Structure formats: C-alpha cells, structure tokens
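Undergrad: Next up is a structure, given as structure tokens.
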Amino acid sequence: MIITHLFCGLGNQMFQYAAGRALSLRHGVPLAIDRRGLDLCGRSYGLHRFALQAMDADPKHLPEPEIHRLPKQFKSEVCRNIFKEEAFRFYPEVLDLPDGTYLVGFWQSERYFQDAEDIIRRDFLFRDPPSPINAEYLKRIQKGISISVHIRRGDYLQPEYAQIGTCSLDYYRRAAKLIQEQVGSDAKFYLFSDDSDWVRDNVRFHGEMHIVRHNDVTTDFEDLRLMSACSHHIIANSTFSWWAAWLNPSVNKIVVAPARWFRTDEADYRAVVPDRWWRI
Numbered sequence: 001m002i003i004t005h006l007f008c009g010l011g012n013q014m015f016q017y018a019a020g021r022a023l024s025l026r027h028g029v030p031l032a033i034d035r036r037g038l039d040l041c042g043r044s045y046g047l048h049r050f051a052l053q054a055m056d057a058d059p060k061h062l063p064e065p066e067i068h069r070l071p072k073q074f075k076s077e078v079c080r081n082i083f084k085e086e087a088f089r090f091y092p093e094v095l096d097l098p099d100g101t102y103l104v105g106f107w108q109s110e111r112y113f114q115d116a117e118d119i120i121r122r123d124f125l126f127r128d129p130p131s132p133i134n135a136e137y138l139k140r141i142q143k144g145i146s147i148s149v150h151i152r153r154g155d156y157l158q159p160e161y162a163q164i165g166t167c168s169l170d171y172y173r174r175a176a177k178l179i180q181e182q183v184g185s186d187a188k189f190y191l192f193s194d195d196s197d198w199v200r201d202n203v204r205f206h207g208e209m210h211i212v213r214h215n216d217v218t219t220d221f222e223d224l225r226l227m228s229a230c231s232h233h234i235i236a237n238s239t240f241s242w243w244a245a246w247l248n249p250s251v252n253k254i255v256v257a258p259a260r261w262f263r264t265d266e267a268d269y270r271a272v273v274p275d276r277w278w279r280i
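Residues in the sequence shown are numbered from 1 upward in steps of one, following full-length UniProt numbering.
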C-alpha cells in the first residue's frame, strides 16, 4: 500500500493524490490517503468532487500528524518508509520508491504521474454535473474560442506568502497578446479570481471579457471545471489554474505560465511548468 499525506488547497491535494496514485499503480497496490494535514492547515477535503475512489488510511498505519517531527522510518505493518519532500524540486527517486511508502510533500510536477496520465485524467473527471448557472457558463465557454485567465491574489498578498508573490499586470497583458496573435482577436476572455473587484478595476484586454464571480470557496471546483473547458489558458503561479490547464485534453491548447513560479530564486520551480507550455 502507498499512503499519501494531504494538506493545503484543492490544487495541492490533486498533486499529492496524483503522485501517490501513480506510485501505487507502479506496484499494483492500493492507495490510501491521510487527511489529517488538512485540519492542521485549516483546509477542507476537496477530492470528493471527482470520480476517483479514495480510501482513507487506517489510523493505526499512520505516523504522528506533526509533519516536522516525522522520522525517516516508521514501524508499521503497512507504512514502512516515509519519504518527505525537503525542498521544492523534482525528486526522480520518488518514481522508484518501494511499496509501503508514506509520501509527504507537494509533488508539483507532472513528471511524478506522467506514466499514468490517462488514469489520472479519468480519476479527475467531475463526479456531479454542474449547477444550473455553471452549466450556462459552460455552454458559453464551449461555443467559441475561449481563454481562461486566473488571477490569484487573496492569501498571496499576505506577508507569509511574500516569497511567492502575485503575477504582474504586465504578465497578463503579454500573455493575452501572445494567445490572440495565435488564435485571433475574436477569442473571449473568462477571468477567474479571488479578488474580482480588483480585476474589474484593473484588468483590461483587447477583446471581450467576462469576470466569473458567482462561485465561492465552497464551489471552487466549479471554477476549475469552467477553466478547464476553455480553449486556452493564462495561469497564475497557482496549482489551481495549473490543474485547470492540464485537465484540458486538447493537443491544440495554448497555455501561458509565469516564467518564475516564486518571487524568490530559493526553489527549483523549473519542473512545475511543462516544457510544452509558454513561459513569460
């Protein structure tokens, strides 16, 4: 059995699930999830919105929940080895970890699950149909050429997230121009943000713009669905919009991502953005 530790928001939970799922498939063993980290960071479990069948780990097989105290080895009949992500980078050794591993980390790279892409895509199909208002937006988005734009502000403006930072207006303007040069000026922009008033007052593109603001933190998966349905994507330095772009199966999609995932250079973020995506 492989056990993956969940913490932080929906985008991070999806990475943590995908890395664990792929490792479990390599061994032909079940995947179990440990949700206790969500309580520690004040986040809600979000994977129930998808078609995947996630099994909760038996508490007797789990180490103590304080992650900073985790030992390298943990004596359990199921969980025999703990692998913790010590720095923000790609760990190729994760691909070959043994059965009985407990994973603790962000695992923000598709390299961890590239060999299981088809299964991961099936797992992340939405379990329920969209609500009426989201179904209406879905029809509009799928009617023509659409570009999702994710503008993450909110918690990124807080001092504790200063090392991450927000993407600049210049980034969004350049990204919009790049995509329009490829697909034409008739494309419609659908803007998603946790600060829609700021977006309304500050963001201008040369084209038709729609600010999608009817969903909230309890229905963020609906925004994820709408974003993933767009033809092309301008993502923020956020796992949420990363997944929205990745879930779009089109081989013709254009995805623009920030060249620097973090404001600082202390982390190796090169593995986050796939080589086939544009970076600005």
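C-beta: ideal position from N, C-alpha, C; glycine also.
In this text the structure is predicted, and so the values were computed from the model without any measurement.
On the three-pair Cβ rule with 8 Å, is the stretch 186 to 197 touching the stretch 101 to 111?
TA: Cβ pair count under 8 Å is below three, so no.
Undergrad: Could you compute how far the alpha carbon of arginine 270 sits from the alpha carbon of proline 59?
TA: Answer to the nearest angstrom: the Cα atoms are 36 Å apart.
Undergrad: Does the beta-carbon distance from glycine 207 to serine 185 come in below 8 Å?
TA: For glycine 207 and serine 185, yes; Cβs fall inside 8 Å.
Undergrad: Within 10 angstroms of the Cβ of aspartate 223, are there 16 or more other Cβ atoms? Answer buried if so, exposed if not.
TA: It counts as buried.
Undergrad: Can you check the stretch 85 to 122 for any beta strand (DSSP E) of at least 3 residues that lies completely inside it and give the ranges in chain order?
TA: Those beta strand (DSSP E) runs which fall completely within the stretch 85 to 122 and span 3+ residues are 101 to 104.
Undergrad: Of all the options Gly20, Arg35 and Ile211, which has the alpha carbon lying nearest to the alpha carbon of valine 29?
TA: Minimum Cα distance to valine 29 is reached at Gly20.
Undergrad: By Cβ distance below 6 Å, which residues in the same chain neighbour threonine 4 in space, the five residues on each side in sequence not counted?
TA: The answer, listed in chain order, is Gln16, Gly20, Ile33 and Leu103.
Undergrad: Looking at serine 148 and alanine 18, is the spacing between their C-beta atoms short of 8 Å?
TA: Their beta carbons are not under 8 Å apart, which means alanine 18 does not touch serine 148 by this criterion.
Undergrad: Quick one: using the 10 Å Cβ neighbour count with 16 as the cut-off for buried, is cysteine 41 buried or exposed?
TA: Exposed.
Undergrad: Can you name the start and end residues of the beta strand (DSSP E) that phenylalanine 192 belongs to?
TA: Looking at the DSSP string, the run of the beta strand (DSSP E) that includes phenylalanine 192 is 188 to 193.
Undergrad: Going residue by residue through the stretch 239 to 274, where are the continuous alpha helix (DSSP H) segments of at least 4 residues, counting only ones entirely within it?
TA: Taking only runs of at least 4 residues, the alpha helix (DSSP H) segments lying wholly in the stretch 239 to 274 are 239 to 247.
Undergrad: Report the three-state DSSP secondary structure of alanine 32 (helix, strand or coil).
TA: In this structure, alanine 32 counts as strand in the three-state DSSP scheme.
Undergrad: Hey, isoleucine 234 and alanine 175: beta-carbon distance below 8 Å or not?
TA: Yes, they are a contact pair.
Undergrad: Quick one, which of Ala57, Gly9, Ala22 and Pro92 has its alpha-carbon nearest leucine 38's?
TA: Taking only the C-alpha atoms, the option nearest leucine 38 is Gly9.
Undergrad: Applying the 10 Å Cβ sphere with the 16-neighbour rule, what's the burial state of isoleucine 133?
TA: Result: exposed.
Undergrad: Less than 8 Å between the beta carbons of alanine 116 and leucine 25, yes or no?
TA: Yes, the Cβ-Cβ distance between alanine 116 and leucine 25 is below 8 Å.
Undergrad: With a 10 Å radius around its C-beta and 16 neighbouring C-beta atoms as the bar for buried, classify arginine 121 as buried or exposed.
TA: So arginine 121 ends up on the exposed side.
Undergrad: Who are isoleucine 234's beta bridge partners in DSSP?
TA: Bridge partners of isoleucine 234: Val149 and Val256.
Undergrad: If you follow the beta strand (DSSP E) that valine 212 is part of, which residue opens it and which one closes it?
TA: That run of the beta strand (DSSP E) goes 209 to 212.
Undergrad: Would you identify the three-state DSSP class for histidine 5, choosing helix, strand or coil?
TA: Three-state result, histidine 5: strand.
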